[in-house]
Ligand code: PEP
């Protein structure tokens, strides 16, 4: 899809009735927001009721999983498989920083999950992000090193893509989410997000021998209807991953509308 993507990560929020109402409201609004793909990622137990609430759903509205397993079935207590949401969820968030922090998710697991998504015809949205803000102006060399080693963002990408072929990169989305910006109200600036995405782009282009057009990078971290313009104006970004603001109908629809207008040049 050439359009930007706005993904709403509802996390472990909303009651069943709230989720259904919100999905219905977004669905009705999405009809009028043309130039953007909108993905709703409810708690997995709500996927089917949310699908029902989107029955007359416009073509640009999709469902996504907040997490996936790397196997189709088996003895994995408490986990939902992609087969259980076959033909329902087109996208899956993989390796969110909260999964890495609270559930010990590693780059190796992310690689298995991303592979399984592609094998299941689901687009993985691989999350990457740094713990502490980069200072590229004063410490370019050492900050680049920080990206390439340990838990650095380029290392996260390298290891997360270990099971993906070069020809498959265009089927993967990356969500660049600085951890210090998630849920804090302290978003990155558009320029900062764009600069880091530019570094990520160049890394992918060189390492996987792909073109700019095959790379999709979203920004996530305290995006709301007030700061969204900063991000959607950046040429290195292809959309947004939204947490807190995605469960407020007016905020989320406004974010989608502004993204659509910016990218369609209106
Ligand atoms: C997220 O958790 O992916 C996220 C971007 O959250 P928030 O928008 O609340 O910072």
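Residue numbers (the numbering used here): 7 to 272.
Where is the CB? At the ideal position from N, CA and C, for every residue including glycine.
Bear in mind that the values here come from a model prediction, so they are computed numbers and not experimental data.
| query | result |
| --- | --- |
| Pair within 7 Å by beta-carbon distance, residue 243 and residue 203 | yes |
| Beta-bridge pairing of residue 99 - partner residues as DSSP gives them | 131 |
| Status (buried if at least 16 other CB within 10 Å, exposed otherwise) for residue 237 | buried |
| Within 7 Å, strictly: CB atoms of residue 181 and residue 224 | yes |
| Top-ranked residue by Cα proximity to residue 133, from 141, 107, 142, 146 | 107 |
| Classification of residue 101 by the beta-carbon crowding that lies within 10 angstroms, buried from 16 upward | buried |
| Residue 131 versus residue 52 - alpha carbon distance | 20 Å |
| Contact the region 257-265 vs the region 27-36: 3+ CB pairs below 8 Å | yes |
| Beta-carbon contacts of residue 141 that lie in its chain and below 7 Å, excluding the five residues immediately before and after | 149 |
| Residue 44 Cβ short of 6 Å to ligand 1 heavy atom set | no |
| Expected contact under 8 Å - CB spacing of residue 47 and residue 13 to nearest Å | 6 Å |
| Sub-7 Å separation of residue 264 and residue 234 beta-carbons | yes |
| Contact the region 182-192 vs the region 110-118: 3+ CB pairs below 8 Å | no |
| Check: residue 15 C-beta below 6 Å from any heavy atom of ligand 1 | yes |
| For residue 179: DSSP bridge partner residues | 131, 222 |
| Residue 28 CB to nearest heavy atom of ligand 1 below 6 Å | no |
| Contact test: residue 249 Cβ vs ligand 1 heavy atom, cutoff 6 Å | yes |
| DSSP beta-bridge partners of residue 43 | 11 |
| Cβ-heavy atom distance, residue 188 to ligand 1, below 6 Å | yes |
| 7 Å Cβ cutoff met for residue 227 and residue 187 | yes |
| Boundaries of the alpha helix (DSSP H) in which residue 146 is found, first to last residue | 142-154 |
| Three-state secondary structure (DSSP) of residue 71 | strand |
| The region 71-79 / the region 160-179 touching (three or more Cβ pairs under 8 Å) | no |
| Identified DSSP bridge partners for residue 110 | BP columns for residue 110 are empty, so no partner. |
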